[in-house]
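Using the working numbering, the letters of the sequence shown correspond one by one to residues 192 to 345.
Cβ coordinates follow ideal geometry from the N, Cα and C atoms, glycine included.
Everything numeric in this text was worked out from a predicted model, so none of it was measured.
Here the structure comes first, spelled out in structure tokens, and everything after it is commentary.
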Amino acid sequence: MEDEKWKKELNRYFEDLRIIEKCQQEAREHFDQFCEFIVEPALETLEDELKARGIKIKYFREKNKFIHLQINFPNSKVDNFHYRIILPSNSLDLKLILQTKGRKNKKSPLVSKEKPFRPEIKPEEVLKLSKDDIIIDIIKELKEFNYAARTSPD
192 MEDEKWKKEL NRYFEDLRII EKCQQEAREH FDQFCEFIVE PALETLEDEL KARGIKIKYF
252 REKNKFIHLQ INFPNSKVDN FHYRIILPSN SLDLKLILQT KGRKNKKSPL VSKEKPFRPE
312 IKPEEVLKLS KDDIIIDIIK ELKEFNYAAR TSPD
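Structure, rendered in structure tokens:
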């Protein structure tokens, strides 16, 4: 009888590990879909609009890890603002992190901040965001950073 108890516990342990691995794999797959079908189209749209204003951007994605946007100062190759959506390692769902970095002027150091990405949205609703939602979030973060940079004492 005791023999059965520990075997059940061992089987439960291996089943739990299988479930964790399955959830992690699904989170990585959903993050890649989010990046490919929502974020990248948003960045392409934003790139066209900013290019018309003399502002270059770069973006790249590391599969299963993050998508990163860099906005340069107008008519410059110097980076002004970074917006990165991160899937934390070992994530079980799309509870993402937003990392922003920026510099006040071309010679100042980058200042970094990290916070939850869209905390008002449940992880299962991330894939329901639109490209416009992403563009609006980027603009909001860019505005907050630049307004603070332009109004704070040096």
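State the start and end residues of the unbroken alpha helix (DSSP H) segment that holds Lys242.
231-242
For the candidate residues Trp197, Ala233, Arg219, Lys304, whose alpha-carbon lies nearest to that of Leu320?
Ala233
With a Cβ-Cβ cutoff of 8 Å, do Leu237 and Lys256 count as a contact?
no
Please confirm whether Gln290 and Ser303 have their CB atoms less than 8 Å apart.
yes
When you compare the CB of Thr342 with every CB in chain B, is at least one pair closer than 8 Å?
Of the chains in the structure shown, none is chain B; there is only one protein chain.
How many angstroms separate the CA atom of His259 from the CA atom of Phe251?
5 Å
Should Phe308 and Leu333 be called a contact, given that it needs their Cβ atoms to be closer than 8 Å?
no
In this structure, does DSSP put Val269 in helix, strand or coil?
coil
Rounded to whole angstroms, what is the Cα-Cα separation between Pro300 and Glu231?
27 Å
Specify, as a first and last residue, the run of the beta strand (DSSP E) that Leu260 falls within.
257-263
Which of helix, strand or coil DSSP assigns to Pro314:
helix
Could you tell me the distance, in whole angstroms, from the CA atom of Lys247 to the CA atom of Lys268?
8 Å
Please state whether DSSP places Ile246 in a helix, a strand or coil.
coil
For Gly293, the nearest candidate out of Ser280, Arg341, Glu316 (CA to CA):
Arg341
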